[in-house]
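Report on one structure; see the data block that follows.
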Amino acid sequence: MVHDTQRMDAIAERMAEDEVAGRSLWADARSRFVKNKAAMFGLFLLIFVVLFALFGSHLAQWSNEELDYNVMGVVAQEGGPSMANGHYFGVDELGRDLFARTVQGTQVSLAVGFVGALVAVVVGTIYGATAGYVGGRVDQIMMRMVDILMAIPYMFVLILILVMYGRSMIALFVGLGLISWLEMSRIVRGQTLSLKNREFIEAARATGVSGVTIIRRHIVPNLLGVIAVYATLLVPLMILTESFISFLGLGVQEPLTSLGALISEGAGTIAYGTIWQLGFPLLFFCLTLFGFFFVGDGLRDALDPKDR
Amino acid sequence: MSTPLISARDLRVAFDITRPGDMPWTKPRQLHAVNGVSFDLMPGQTLGVVGESGCGKSTLARALIQMVPASGEVVWQGETDLLSLSSQRMQKYRSEIQMIFQDPLASLNPRMTLGQIIAEPLRTHRPELGREEVKSRVARMMDRVGLLPQMINRYPHEFSGGQCQRIGIARALIVEPKLLICDEPVSALDVSIQAQVIELLQELQRELGLAILFIAHDLSVVKHISDEVMVLYLGRMMEKAPADLLYADPQHPYTQALMSAVPVPDPQIERNKQTIPLHGDLPSPMAPPSGCVFRTRCPRAVEACAEEVPHPGRGRHQCACLFPGPLTADEVA
Ligand SMILES: Nc1ncnc2c1ncn2[C@@H]1O[C@H](COP(=O)(O)OP(=O)(O)OP(=O)(O)O)[C@@H](O)[C@H]1O
Ligand code: SF4
Ligand SMILES: [Mg+2]
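First to last, the protein sequences are chains A and B.
Each residue of the first sequence is one higher than the one before, starting from 1 at the first, in the UniProt record's numbering.
Each residue of the second sequence is one higher than the one before, starting from 1 at the first, in the UniProt record's numbering.
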């Protein structure tokens, strides 16, 4: 994917090996993050988008399901954005309020992104830390499996799952979850290998702390920084993937919608001159992606001040 | 004679070394990190283990507690062979044998507070203890090793090396072990702090009747704390004797060389001191010299030394050299 593993290694190394790890590292990172204009801008965008998704429906005059019969049939002439009839973003070609639809689409897209990233964090961390900590043959087998799974064209698998099990949210989550953890497990495994030989792990082993507890108590907490950065960068990738699928018409099903599905609809009707149907979903789509990428990059730079 | 707390017989550790381009089926080369080491350690006594970096001191310590695969025998209190135990049955002995480490800061998890770190062995071995009980034991232990109560919620990086080593000691002693393995506990500390830490260890030893296996890379550090001293070279034991005997009358040329590197506080003696420098580099442990492993650097070496492996023998003063004896005039540089 888009992340260079080397950068990740560098961060993790710094997190793990810097003798002033612990609080001061986080304090350091925070001040660097706050000074990073792009990152703060991204954070601002993200907050805006999340607030829009959470509370936008309270501002809407229309629900996302109501059809406005006044503009039906004359969408191109009367359905544009207007304060007067309460359709701030206009209506879609069925006469539904585009503002409410965009709120809903943003909610779904964010949910897809978060769930995908969450699966990656949980599964990828456990899998990678186990492989790295146990080591030897187990590690070999576990990582070869990841290699094999990564070699499968995942878009194809995802589409297959959606076609076979219906286009439900669950199928989408499962499909995205299946692929999202692979890269994460590799990163976590690499970091675990380098952590494993540190003296405090040896101290824990010598006292007889069990492997599971060592992973939970000593390894994972020392990888949180890397995991956080990677997860932040993974969310927009998940959103992109979902949008692509939706654009192909395989994503979430009506009456649910996502930003990708809205963009797809908007693109389909653009010939009738209803530019707002494409513009607003696309705007929120871009804001969300920019927000996540800026924040992710900012976190990465904040945690790894070397080579900038 | 009472039974030793722990006695090792012909302890051996060999690591398989696979080089990067090796095929999976090529037979790995072996590195004998510990090669036939034996010792007895009585309850409440201290055994010093001395040798240059890479001679297998840490590996010896790890072998005792099944941290690396080893062969030979490690008998605990005259009855149990620790090496033959399954990891489940070994668990019980892990609280009786505790370890402190060379790098005080690196041996503490940077994401855990001092209180959590010290409590960890208790949580592992005495899960039945309540939260309050654990807390009070940690507090008592902290007081005992000279840490202030208000430090309990701080993180390791906020402490100095000496304080970190005190945390390590507190963590090791909280489960009331019988044997404390100290792997170069003071090598990373300032000289003034070294003395404090060693003093603390001695005090605790007297109070708790601890046996200590004290690892160091030079003879001066172990001099005062040890009852018996063992000198290692390339994984083999060169000489072992009660401390006073060894320091007064070293028999092995390697011990004598190490001894001459020890600074003497009295400038008069220091100036007249006989020194024998160690020539050449440490041979690779992958390909140790035949016969006596020390022969490539030994001022006393003759042809016979390449043929025959010298055995340390038995008794109070053991020396693995074909020609043991005090320094002669022409060996002194
Ligand atoms: N896990 C391992 N795999 C392969 N070789 C090892 C391993 N651990 C140690 N060795 C080798 O065994 C030898 C002895 O190492 P050991 O760490 O016991 O030395 P040491 O006497 O403790 O040195 P130091 O004073 O530097 O701590 C060294 O040559 C080392 O490279
Ligand atoms: S056996 Fe020979 S080489 Fe080895 S220490 Fe004695 S004199 Fe030196
Ligand atoms: Mg060592």
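The beta carbon of each residue, even a glycine, is placed where N, CA and C say it ideally should be.
Any heavy atom of ligand 1 within a distance shorter than 8 Å of the CB on residue 31 of chain B?
Position 31 of the second sequence, counted from the first residue, corresponds to residue 31 of chain B. Yes, since a heavy atom of ligand 1 falls inside the 8 Å radius drawn around the Cβ of residue 31 of chain B.
In chain A, which residues lie with their C-beta within 9 Å of the C-beta of residue 124 of chain B?
Indexing the second sequence from 1 puts residue 124 of chain B at position 124. Result: 204, 207, 208, 209, 210 and 213.
Interface positions of the region 185 to 205 of chain A facing chain B (Cβ-Cβ less than 9 Å), listed along the chain
198, 199, 200, 201, 202, 203, 204 and 205
Backbone CA spacing between residue 228 of chain A and residue 284 of chain A [nearest angstrom]:
Locating residue 228 of chain A in the first sequence gives position 228, where the first residue counts as 1. Locating residue 284 of chain A in the first sequence gives position 284, where the first residue counts as 1. Each residue's Cα considered, the two are about 24 Å apart.
Taking only the alpha-carbon atoms, compute the straight-line gap between residue 231 of chain B and residue 288 of chain B and give it to the nearest angstrom.
By 1-based counting over the second sequence, the position of residue 231 of chain B is 231. By 1-based counting over the second sequence, the position of residue 288 of chain B is 288. If I take the Cα positions, the gap works out to 17 Å.
Quick one: what's got a C-beta closer than 7 Å to residue 62 of chain B's C-beta in the same chain, skipping five residues either side?
Counting from one through the second sequence, the residue named residue 62 of chain B turns up at place 62. Result list for residue 62 of chain B: 68, in chain order.
Minimum C-alpha distance to residue 155 of chain B - residue among B:190, B:172, B:139 and B:110
For the purposes of this step, residue 155 of chain B is identified with residue 155 of the second sequence, where counting begins at 1. Taking only the C-alpha atoms, the option nearest residue 155 of chain B is B:110.
When you compare only the Cα positions, how much space is there between residue 41 of chain A and residue 247 of chain A?
Here residue 41 of chain A is taken as the residue at index 41 of the first sequence, counted from 1. Here residue 247 of chain A is taken as the residue at index 247 of the first sequence, counted from 1. Using only the alpha carbons, I get a separation of about 28 Å.
To the nearest angstrom, how far is it from the Cα of residue 21 of chain A to the Cα of residue 159 of chain B?
Sequence index remark: in the first sequence, residue 21 of chain A carries index 21 (1-based). Sequence index remark: in the second sequence, residue 159 of chain B carries index 159 (1-based). For residue 21 of chain A, the pLDDT reaches just 47, beneath the cut-off of 50, and the residue's location in the model is therefore unreliable, leaving the point undetermined.
What residues from the region 213 to 235 of chain A come within 9 Å of chain B, judged by C-beta to C-beta, listed N to C?
213, 217, 218, 221, 222 and 224
8 Å Cβ shell around residue 236 of chain B - same chain, five flanking residues per side excluded
The residue you call residue 236 of chain B lines up with position 236 of the second sequence. Excluding positions up to five away in sequence, the list reads 35, 36, 37, 293 and 320.
Whole-angstrom distance between residue 207 of chain A and residue 216 of chain A, CA atom to CA atom
Position 216 of the first sequence, counted from the first residue, corresponds to residue 216 of chain A. Position 207 of the first sequence, counted from the first residue, corresponds to residue 207 of chain A. Taking the straight line joining both Cα atoms gives about 16 Å.
Whole beta strand (DSSP E) runs in the region 61 to 99 of chain B with 3 or more residues, listed along the chain?
71 to 76
Measuring only between beta-carbons, confirm whether residue 120 of chain B sits less than 9 Å from chain A.
Counting from 1 along the second sequence, the entry for residue 120 of chain B is found at position 120. So, interface residue.
Is there a Cβ of chain A sitting closer than 9 Å to that of residue 103 of chain B, yes or no?
Against the second sequence, residue 103 of chain B aligns to sequence position 103. Yes, its Cβ sits closer than 9 Å to a Cβ of chain A.
Is the beta carbon of residue 188 of chain A sitting closer than 9 Å to the one on residue 106 of chain A?
Within the first sequence, the letter at position 188 stands for residue 188 of chain A. Within the first sequence, the letter at position 106 stands for residue 106 of chain A. No, these two residues do not count as a Cβ contact at 9 Å.
Can you give me the Cβ contacts of residue 370 of chain B inside the same chain, cut-off strictly under 6 Å, excluding the 5 residues immediately before and after it?
Lying outside 1 to 333, the shown extent of chain B, residue 370 of chain B is not represented and no answer is given.
Along chain A, which residues have their Cβ under 7 Å away from the Cβ of residue 153 of chain B?
As a position in the second sequence, residue 153 of chain B is number 153, starting the count at 1. Result: empty, since nearest Cβ-Cβ is about 11 Å, beyond 7 Å.
Presumed contact (8 Å Cβ cut-off) between residue 142 of chain B and residue 173 of chain B, rounded CB distance:
For this step, residue 142 of chain B is matched to residue 142 along the second sequence. For this step, residue 173 of chain B is matched to residue 173 along the second sequence. Actually they are not in contact, since the Cβ atoms of residue 142 of chain B and residue 173 of chain B sit about 11 Å apart, beyond 8 Å.
Does the region 124 to 142 of chain A touch the region 159 to 173 of chain A, meaning 3 or more C-beta pairs lie closer than 8 Å?
no
Under 7 Å Cβ to Cβ from residue 108 of chain A, same chain only, skipping five residues before and after it: list those, please.
Stepping through the first sequence from its first residue, residue 108 of chain A is reached at position 108. Cβ within range, chain order: 252, 256, 257 and 258.
In terms of residue numbering, what span does the alpha helix (DSSP H) encompassing residue 118 of chain A cover?
Start at 1 with the first residue of the first sequence, and residue 118 of chain A comes out as number 118. First-last of the alpha helix (DSSP H) with residue 118 of chain A: 98 to 119.
Contact check, residue 238 of chain A vs residue 112 of chain A under 8 Å by CB: the rounded distance?
Mapped onto the first sequence, residue 238 of chain A falls at position 238. Mapped onto the first sequence, residue 112 of chain A falls at position 112. With a Cβ gap of about 6 Å, residue 238 of chain A and residue 112 of chain A count as contacting.
Any beta carbon from chain A within less than 9 Å of residue 19 of chain B's own beta carbon?
What you label residue 19 of chain B is simply residue 19 of the second sequence in a count that begins at 1. So, not an interface residue.
Partners in chain A for residue 99 of chain B, counting only beta-carbon separations shorter than 9 Å
As a first step, residue 99 of chain B is located in the second sequence; it is residue number 99 there, counting from the start. The contacting residues are 202, 203, 206 and 207.
When every heavy atom of ligand 1 is checked, does at least one fall within less than 8 Å of the C-beta of residue 160 of chain B?
The sequence position of residue 160 of chain B within the second sequence is 160, counting from 1. Flag unset: Cβ of residue 160 of chain B not near ligand 1.
Tell me which residue opens and which closes the beta strand (DSSP E) that residue 240 of chain B is part of.
Your numbering for residue 240 of chain B matches position 240 in the second sequence. Where residue 240 of chain B is concerned, the enclosing beta strand (DSSP E) stretches over 236 to 242.
Please report how far the alpha carbon of residue 103 of chain A lies from the alpha carbon of residue 264 of chain A, in whole angstroms.
By one-based count along the first sequence, residue 103 of chain A stands at place 103. By one-based count along the first sequence, residue 264 of chain A stands at place 264. Cα to Cα, residue 103 of chain A sits roughly 16 Å from residue 264 of chain A.
Ends of the alpha helix (DSSP H) at residue 172 of chain A?
Against the first sequence, residue 172 of chain A aligns to sequence position 172. It spans 169 to 196 - the alpha helix (DSSP H) in which residue 172 of chain A sits, taken as one unbroken run.
Would residue 168 of chain B count as contacting chain A if we go by Cβ distances under 9 Å?
As a first step, residue 168 of chain B is located in the second sequence; it is residue number 168 there, counting from the start. Cβ-Cβ to chain A under 9 Å: yes for residue 168 of chain B.
Own chain residues within Cβ distance below 7 Å of residue 184 of chain B, not counting five before or after
Walking along the second sequence from the start, residue 184 of chain B turns up at place 184. Excluding positions up to five away in sequence, the list reads 102, 215, 216 and 217.
Taking the beta strand (DSSP E) that residue 206 of chain B belongs to, which residues open and close that run?
Residue 206 of chain B sits at position 206 when you count from the first residue of the second sequence. Looking at the DSSP string, residue 206 of chain B is not in any beta strand (DSSP E); the run it does join, the alpha helix (DSSP H), is 191 to 208.
Does residue 138 of chain B pass the burial test, meaning 16 or more other C-beta atoms within 10 Å, or should it be called exposed?
Position 138 of the second sequence holds residue 138 of chain B. With 16 or more other Cβ atoms within 10 Å, it is buried.
With 16 as the cutoff for other CB atoms within 10 Å, does residue 311 of chain B come out buried or exposed?
Mapped onto the second sequence, residue 311 of chain B falls at position 311. Flag for residue 311 of chain B reads exposed.
Who are the neighbours of residue 108 of chain B on chain A, taking C-beta pairs under 9 Å?
The residue labelled residue 108 of chain B in the question sits at position 108 within the second sequence. 199, 200 and 203, listed in chain order.
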